[in-house]
Amino acid sequence: MDTLQRNGILVINATNGAIVCSSGHIANTFVLRLKGLLGKRGMQDDAGLLITPSSGVHTFGMLFPIDIISLDKNNRVLGAWERTGPWKMRGLTLRTRSVLELPAGKIRRSGIIVGDRLIIEVRR
Numbered sequence: 000m001d002t003l004q005r006n007g008i009l010v011i012n013a014t015n016g017a018i019v020c021s022s023g024h025i026a027n028t029f030v031l032r033l034k035g036l037l038g039k040r041g042m043q044d045d046a047g048l049l050i051t052p053s054s055g056v057h058t059f060g061m062l063f064p065i066d067i068i069s070l071d072k073n074n075r076v077l078g079a080w081e082r083t084g085p086w087k088m089r090g091l092t093l094r095t096r097s098v099l100e101l102p103a104g105k106i107r108r109s110g111i112i113v114g115d116r117l118i119i120e121v122r123r
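Heads up: the sequence shown begins at 0 in numbering that gives the first Met the number 0, then just goes up one per residue.
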């Protein structure tokens with residue numbers, strides 16, 4: 000098991016101060032990135048999954064809609080897609096370095112817009 004996967008993450012929007020995710024996890028190995036949220040039935044409101052490295056994600060086989068944020072190497076928001084349902088692809092750009100998957104509606108509740116910078120703290 001990857002050590003970062005056992006550690007949680009806290010994500011804060013540095014632009015507006017909103018807590019985006021207080022109980023997130025990192026998928027940073029091939030297997031963890033491939034699995035993502037597959038098989039899950041939903042997400043808690045404070046949850047999130049940071050997929051890194053990643054140039055984009057798909058929701059093939061997902062059982063519920065999610066919000067998706069693509070981030071550059073400085074954790075600046077390149078794209079934000081709300082309530083993305085199953086069988087979609089999002090965030091596919093050469094500048095995308097990681098993708099944050101959140102519960103549906105979290106982008107709006109956190110006030111996230113393109114250009115915001117996120118702070119990602121790994122909790123050990």
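Using N, Cα and C, we set each Cβ at its ideal position, and we do this for glycine too.
For SER69, the closest of ILE18, THR83, LEU91 by C-alpha to C-alpha distance is LEU91.
With a cutoff of 8 Å on beta-carbon distance, ILE119 and LEU62 are scored as not near each other. Under the 10 Å beta carbon count, ALA46 is surrounded by 16 or more other beta carbons and is classified as buried. For the segment 46-112, the full-length alpha helix (DSSP H) segments reaching 4 residues or more read 105-109 along the chain.
Apart from the 5 residues on each side of it in sequence, GLY35 sits with its Cβ closer than 8 Å to the Cβ of ALA26, LEU48, ILE50, VAL56, GLU100 in its chain, given in chain order. Our two residues, PHE29 and ILE112, have alpha carbons roughly 29 Å apart in a direct line.
Boundaries of the alpha helix (DSSP H) around ARG32: 29-34. Between the alpha carbons of ASN15 and ARG116 lies a gap of roughly 9 Å.
For LEU9, the enclosing beta strand (DSSP E) has its first and last residue at 7-12. Straight-line measurement puts the Cα of ASP66 at about 15 Å from the Cα of ASN12. Beta-bridge annotation (DSSP): ARG122 is paired with GLY7.
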